[in-house]
Amino acid sequence: MSLVVSEPMEDGVWRIAINRPDVRNAISPDTRLELIAAYTRALDDPAVSAVVMGSTEGHFSSGGDIRTMGKGGARDARARMKLHHRFVRMIAEAQKPLVAAIEGYAMGAGAGLALFADTIVLAEGGAIGFPFFKVGLTPDFAIPYTLTRRLGWAKARQLLIYARTVRGAEAVETGLADVLAPDGQAEAKALELAKELAAMPPMAFSLTKMHLLNEPRSLQDALEAEATAQPLCATGPEHAEGRAAFKEQRKPDFRNV
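Here our numbering is used: position 51 in the sequence shown is 68, and no number is missing along the way.
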């Protein structure tokens, strides 16, 4: 049985989900390898316009598979972290829209994976948690980076140092998740939003993602990034289609520009 499900949905949207329901979709080293292969295929395929990061049998991911941890020495641990960081960078730098659909648990590394999504859809009974201290570990998957940017330093600190879990509506109210869905409907809502994002101008979308990822540290940084990106868009086919649609009073179609 494949450890990762990778399959088409609708209108160019692709679904990738961990498929280890017996351990609530925990992430083992082998799972990570299959995730890298699945995301590489989807992100490199021009026919794929967006990716839904899905749940399987009621859970997104319970985090790192603790049964595979602590094996070998420091060299083995270092090799595992290098592989892990390869995956993190791939997700962080993805130019296509990513929408996470969380049913059940998104814990630890599972939460870290979801936090790189452009939009997080959380089922009412779902939970996002950071239990690293409970197993004697520090947060990984760049969570101190993504969580701080989502919630601010003070709120992120409290979630991490108290190993908190946030559920359903509270997660949306605090900004940890973006959209609340009925239980069992997170992927349906994620597909709807992925289609909406897939209709955006691809180059403008990807450049905006990169600006947000590499947050400007000063006004000068922001202006320099803008001076690089905006001319690319302004002289490209996406803006030409946008202008034509505006003049013709129709909805722009960026799919084939």
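Where a beta carbon is used, it is the ideal one built from N, C-alpha and C, also for glycine. On a predicted model such as this, the values are computed, not experimentally measured, just so you know.
{"Query": "Cβ separation of G125 and P161, assumed to be a contact under 8 Å, to the nearest whole Å", "Result": "Not confirmed; about 13 Å, so no contact."}
{"Query": "CB contact flag (A34, T73, <9 Å)", "Result": "yes"}
{"Query": "Buried or exposed (CB count within 10 angstroms, at least 16 for buried), E27", "Result": "exposed"}
{"Query": "Whole-angstrom distance between K151 and A111, CA atom to CA atom", "Result": "31 Å"}
{"Query": "At least three beta-carbon pairs within less than 8 Å, the region 29–44 to the region 65–84", "Result": "yes"}
{"Query": "Close-in-space but distant-in-sequence residues of the same chain around V30 (CB under 8 Å, 5 per side omitted)", "Result": "V65, S66, A67, V68, V69, L208, A211, K212 and A215"}
{"Query": "DSSP three-state assignment for M70, whether helix, strand or coil", "Result": "strand"}
{"Query": "Terminal residues of the beta strand (DSSP E) in which M124 lies", "Result": "Y122 to M124"}
{"Query": "Cβ pair A261, P269 closer than 9 Å", "Result": "yes"}
{"Query": "Touching by the beta-carbon criterion (3+ pairs, under 8 Å), the region 169–189 and the region 86–95", "Result": "no"}
{"Query": "Cβ neighbours of A109 in the same chain (closer than 8 Å, five flanking residues each side left out)", "Result": "F133, A159 and L230"}
{"Query": "Coarse secondary structure for V152, derived from DSSP in three states", "Result": "helix"}
{"Query": "Closest residue to N36 among L50, A54, L20 and E51 (Cα-Cα distance)", "Result": "L20"}
{"Query": "L25 - partner residues in DSSP beta bridges", "Result": "Sequence check: residue 25 is Pro here, not Leu. Beta-bridge pairing links P25 to W31."}
{"Query": "Beta carbon of A194 nearer than 9 Å to that of V138", "Result": "yes"}
{"Query": "Candidates R106, D39 and T191, of which the one nearest Y56 by Cα", "Result": "R106"}
{"Query": "Beta-carbon gap between M220 and E255 smaller than 9 Å", "Result": "yes"}
{"Query": "Per-residue DSSP class, three states only, for R181", "Result": "coil"}
{"Query": "Simplified DSSP state of S79, which is helix, strand or coil", "Result": "coil"}
{"Query": "Proximity below 9 Å, CB of A131 to CB of G201", "Result": "no"}
{"Query": "From S223, G71 and K264, residue whose alpha carbon lies closest to that of S23", "Result": "G71"}
{"Query": "Any non-hydrogen atom of the ligand ATP closer than 8 Å to T252 Cβ", "Result": "Because no ligand of any kind appears in the structure shown, any question about the ligand ATP cannot be addressed here."}
{"Query": "First and last residue of the uninterrupted beta strand (DSSP E) at L197", "Result": "V196 to A198"}
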